[in-house]
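Down below is the structure, laid out as structure tokens.
2 protein chains.
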Amino acid sequence: MSNAFLRKLSEFASLSDEDTALLQEACSEPVVVPARHDLIREGDKPGPIFVIMEGWACRYKLLPEGTRQITAFLMPGDCCDMHASVLSAMEHSIATITAARVATINHARMEELILTRPTLTRAFWWTQLVDEDTLRAWIVSMGRRDSLQRVAHLMCELYVRARNIGLTEDGRFEMPLTQAVLADALGLTSMHVNRVLRKLRLGGVMELTAGTLIIADICKLVSIAGFDDNYLHRRLRRAA
Amino acid sequence: MSNAFLRKLSEFASLSDEDTALLQEACSEPVVVPARHDLIREGDKPGPIFVIMEGWACRYKLLPEGTRQITAFLMPGDCCDMHASVLSAMEHSIATITAARVATINHARMEELILTRPTLTRAFWWTQLVDEDTLRAWIVSMGRRDSLQRVAHLMCELYVRARNIGLTEDGRFEMPLTQAVLADALGLTSMHVNRVLRKLRLGGVMELTAGTLIIADICKLVSIAGFDDNYLHRRLRRAA
DNA sequence: CGCGTTTTTGAAGCCCCTCAAGTGTAGTGG
DNA sequence: CCACTACACTTGAGGGGCTTCAAAAACGCG
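Those protein sequence lines, which keep their order, are chains A and B. Residue numbers for the first sequence follow this note's numbering, beginning at 295 and rising by one. Residue numbers for the second sequence follow this note's numbering, beginning at 295 and rising by one.
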């Protein structure tokens with residue numbers, strides 16, 4: 295199954311052939327977007343629903359002082375702003391991190407799917423709730439975990455999410471995030487992220503080089519992070 | 295209008311008499327819950343939808359080391375877990391802070407409302423999206439604001455939310471949160487929250503005593519916080 | 001009035017930031 | 001093929017913001 299969106303949704307719900315076909319068709323014309331390109335900006339009127347088919351993106355907000363806070367990473371299969379049309383303006387921006395293939399679904403089409411396909415509606419709700427629990431997990435990390443735990447926790451989250459969509463192999467996966475990007479997500483400076491990564495590397499826990507994360511000791515990593523993947527609400531649990 | 299839930303929803307949508315009557319009836323039998331009482335605990339199967347009719351509550355998560363992180367405050371009119379039934383287990387707990395009147399709506403009833411009353415459905419979506427943007431605003435605060443800005447920002451948020459449901463009068467409102475509770479929400483210690491509050495008091499910005507917040511200089515407060523209430527997505531803007 | 005909770009204040013220390021410089025590494029053009 | 005540039009990564013020194021530990025004062029409630 296080459297469609298990451300389908301792969302992700304079918305992780306939660308068993309989709310009928312008709313549901314599958316409808317979804318397939320809805321995001322059949324993805325557009326290639328270059329890296330570091332805004333899909334939508336804070337203040338804009340909500341646009342269509344974006345579905346990331348390939349590549350990485352993030353939600354972020356710029357502060358007056360020029361600093362940036364990333365509030366979510368978007369990976370293949372993730373979709374944004376399912377119902378944002380209800381609001382009059384976006385409160386944050388969404389940008390690609392790498393070059394990406396992005397499908398768009400207009401709101402009329404989405405509304406139609408929601409009204410007529412109860413299984414899809416439930417699956418969409420599930421993604422929404424997982425995203426929400428992920429936001430809460432980030433708040434917990436920022437509020438009550440130190441930098442080492444915080445980095446470890448994010449690495450665990452991204453690893454599990456990558457694994458769920460079949461992007462890992464044998465404790466490693468491609469994670470094209472610079473230390474500056476990680477810092478913007480973790481509420482740290484890139485210099486400090488660098489020091490934390492060194493510590494994890496020297497401790498034989500994990501190594502992040504050239505855009506790939508290699509987890510040497512997943513048990514140590516999970517234990518440092520205090521990671522519990524419940525918040526990602528997976529039905530199936532596969533081995534690492 | 296004595297029903298805080300109705301008051302809040304009608305802020306976004308103009309509800310028909312029938313919608314109003316249905317909502318009124320759905321939460322017509324609130325229960326009084328004592329202070330510091332869990333409504334639902336992490337790990338529990340999702341229960342009914344809770345609607346806070348009176349009093350304060352919060353979502354929180356306990357960490358292994360015994361620390362606590364609050365991820366949201368719930369005020370009159372706020373409802374939780376609209377669609378949580380989709381999930382198999384709660385990822386966080388919800389507890390009252392003060393004594394509270396809490397209505398419950400079972401999921402079958404809610405589903406019926408959503409299927410038959412499009413105006414209500416849109417209004418529910420709006421509350422959901424506001425909650426989500428609030429989570430993101432908290433992440434931004436924790437990641438990129440220092441303690442003074444963070445406290446100021448939270449006070450702004452709570453003041454605007456209280457004002458929206460008619461709980462303020464002339465720059466003041468009842469905010470029954472201890473410094474320890476604020477600390478658990480802000481990712482600080484109660485000692486440091488105390489020092490920040492003193493600074494704001496001595497600066498003639500605001501004063502928090504005996505469970506009421508008195509804002510002396512709203513402009514200063516907003517400017518310290520870098521507060522912008524867009525994320526609460528209000529349609530109407532009333533004067534303070 | 002007495003007791004638990006909350007608030008307040010102080011002193012010492014650590015975690016992470018700021019500022020600063022230097023080291024790769026990939027891409028470009030001569 | 002090598003200078004040149006841009007960007008990401010790396011490392012160090014010093015400082016500040018928030019924590020930890022500790023204890024006293026104030027408050028609220030039976």
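C-beta: ideal position from N, C-alpha, C; glycine also. Quantities reported herein were computed from a predicted structural model and do not represent experimental measurements.
Nearest to residue i (by Cα), restricted to the options the options
{"i": "Glu359(B)", "options": "Arg528(A), Ser517(A), Phe299(A), His527(A)", "result": "Ser517(A)"}
{"i": "Leu482(B)", "options": "His527(A), Asp313(A), Thr421(A), Arg439(A)", "result": "Arg439(A)"}
{"i": "Arg528(B)", "options": "Phe467(B), Asp427(B), Leu502(B), Gly520(B)", "result": "Asp427(B)"}
{"i": "Val327(A)", "options": "Gly349(A), Ala307(A), Ser304(A)", "result": "Gly349(A)"}
{"i": "Met485(B)", "options": "Thr472(B), Gly497(B), Leu496(B)", "result": "Thr472(B)"}
{"i": "Ala366(A)", "options": "Ala307(B), Pro340(B), Gln363(B), Gly437(B)", "result": "Gly437(B)"}
{"i": "His331(B)", "options": "Asp511(B), Asp425(B), Arg353(B)", "result": "Arg353(B)"}
{"i": "Asn458(A)", "options": "Lys302(A), Ser296(A), Asn297(A)", "result": "Lys302(A)"}
{"i": "Met376(A)", "options": "Leu357(A), Thr413(A), Asp425(A)", "result": "Asp425(A)"}
{"i": "Gly310(A)", "options": "Lys493(A), Glu468(A), Arg411(A)", "result": "First, the residue type needs correcting, since residue 310(A) is Ser and not Gly in the sequence shown. Here the closest residue by C-alpha is Arg411(A)."}
For residue i, the three-state DSSP class (helix, strand or coil)
{"i": "Ile508(B)", "result": "strand"}
{"i": "Ala393(B)", "result": "coil"}
{"i": "Leu356(B)", "result": "strand"}
{"i": "Phe467(A)", "result": "strand"}
{"i": "Ile459(B)", "result": "coil"}
{"i": "Glu451(A)", "result": "helix"}
{"i": "Cys321(B)", "result": "coil"}
{"i": "His527(B)", "result": "coil"}
{"i": "Phe299(B)", "result": "helix"}
{"i": "Thr415(A)", "result": "helix"}
{"i": "Phe521(A)", "result": "coil"}
{"i": "Thr398(B)", "result": "strand"}
{"i": "Ser382(A)", "result": "coil"}
{"i": "Ala534(B)", "result": "Low confidence applies here, because Ala534(B) scores a pLDDT of 38, under 50, leaving its location unreliable; read the following figure in that light. In this structure, Ala534(B) counts as coil in the three-state DSSP scheme."}
{"i": "Gly481(A)", "result": "coil"}
Residue i: contacting residues in chain A (beta-carbon distance under 7 Å)
{"i": "Ile433(B)", "result": "Gln363, Thr365, Leu429, Trp432, Ile433, Met436"}
Cross-chain neighbours of residue i in chain A, by beta carbon under 9 Å
{"i": "Ser395(B)", "result": "It should be pointed out that residue 395(B) corresponds to Arg in this sequence rather than to Ser. Result: empty, since nearest Cβ-Cβ is about 25 Å, beyond 9 Å."}
{"i": "His527(B)", "result": "Val380, Leu381, Ser382, Ala383, Glu385"}
Identified DSSP bridge partners for residue i
{"i": "Ala351(B)", "result": "Leu368(B), Thr390(B)"}
{"i": "Arg362(B)", "result": "Leu356(B)"}
{"i": "Ile334(B)", "result": "Ile388(B)"}
{"i": "Glu501(A)", "result": "Ile508(A)"}
{"i": "Ile346(A)", "result": "Val396(A)"}
{"i": "Asp326(B)", "result": "Before going further, note that residue 326(B) is Val rather than Asp in the sequence given. In the DSSP output, where bridge partners are listed per residue, Val326(B) has Arg395(B)."}
{"i": "Cys374(B)", "result": "Phe344(B)"}
Closer than 8 Å at the beta carbon, the chain A residues around residue i
{"i": "Ala474(B)", "result": "Within chain A, no residue comes near Ala474(B); the closest Cβ sits about 14 Å away, beyond 8 Å."}
{"i": "Arg416(B)", "result": "Val380"}
{"i": "Asn524(B)", "result": "Ala383, Glu385"}
Interface partners of residue i on chain B, CB under 9 Å
{"i": "His447(A)", "result": "Neighbours of His447(A) on chain B: none; closest Cβ ~11 Å, over 9 Å."}
{"i": "Leu357(A)", "result": "Val434, Arg438, Arg439, Gly520"}
Contacts that residue i makes with chain B (C-beta to C-beta distance below 7 Å)
{"i": "Glu348(A)", "result": "In chain order: nothing, as chain B lies at least about 25 Å away."}
{"i": "Leu423(A)", "result": "His377, Ala378, Val380, Leu381"}
{"i": "Glu312(A)", "result": "Within chain B, no residue comes near Glu312(A); the closest Cβ sits about 20 Å away, beyond 7 Å."}
Taking a cut of 9 Å between CB atoms, which residues from the segment 476 to 493 of chain B lie near chain A?
Asp478, Ala479, Leu480, Gly481, Leu482: these are the residues of the segment 476 to 493 of chain B whose beta carbon lies less than 9 Å from some beta carbon of chain A, given in chain order.
Near-chain A residues of the segment 372 to 406 of chain B - C-beta to any C-beta below 8 Å:
For chain A, the residues of the segment 372 to 406 of chain B that bring a beta carbon within less than 8 Å of one of its beta carbons are His377, Ala378, Val380, Leu381, Ser382, Ala383, Glu385, His386, in chain order.
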